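Engineer: In the working numbering, the protein residues as written are 61 to 138. Quick reminder that beta carbons are idealized off the backbone N, C-alpha and C, glycines included. What you are looking at is a predicted structure, and each value in this text was computed from that prediction instead of being measured.
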Amino acid sequence: MKNDPDCRAALHLIRMAIEETCPAGVLPSEEAVLGLYGPAPIHEAEALAKAIIATVEKLTADHPVDSNRSFTMVGHAD
Numbered sequence: 061m062k063n064d065p066d067c068r069a070a071l072h073l074i075r076m077a078i079e080e081t082c083p084a085g086v087l088p089s090e091e092a093v094l095g096l097y098g099p100a101p102i103h104e105a106e107a108l109a110k111a112i113i114a115t116v117e118k119l120t121a122d123h124p125v126d127s128n129r130s131f132t133m134v135g136h137a138d
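1. DSSP three-state label for Asp139, please.
2. Could you check if Glu117 is buried or exposed, using at least 16 other CB atoms within 10 Å of its CB as the buried criterion?
3. Taking Ala111 and Cys82 to be in contact with their CB atoms under 8 Å, please state how far apart those CB atoms are, rounded to whole angstroms.
4. Output the distance between the C-alpha atoms of Leu87 and Ile113, rounded to the nearest integer angstrom.
5. Whole angstroms is fine: what's the gap from Glu91's alpha carbon to Thr120's?
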């Protein structure tokens, strides 16, 4: 993953979505990510992925998932 503005912008959008929807404390601040993981975009991506996983684990612990449940992909018209 190269260090370019589009990549950083995409990671920032994902961070904003996580901060708005996930429980407090699952995602370290951008400054903390620098110290915990490193400065590269892949380090921010790792922190974001861990926050998503932590959120899913928290939600499924509160509401167990039915392993027999199936999902259908729905397309969209252009």
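Structural biologist: In short, the structure shows the following:
1. As shown, the chain starts at 61 and ends at 138. That puts residue 139 outside it, with no answer to give.
2. If you number the sequence shown from 1, residue 117 lands on position 57. Per the 10 Å Cβ criterion, exposed.
3. Taking the sequence shown and counting its residues from 1, the one referred to as residue 111 is at position 51. Taking the sequence shown and counting its residues from 1, the one referred to as residue 82 is at position 22. At roughly 6 Å, the Cβ-Cβ gap stays under 8 Å, so Ala111 and Cys82 are in contact.
4. Here the question's residue 87 lines up with position 27 in the sequence shown. Here the question's residue 113 lines up with position 53 in the sequence shown. Going from the Cα of Leu87 to the Cα of Ile113 covers about 10 Å.
5. Taking the sequence shown and counting its residues from 1, one reaches residue 91 at position 31. Taking the sequence shown and counting its residues from 1, one reaches residue 120 at position 60. Looking at the two C-alpha atoms, the distance is approximately 29 Å.
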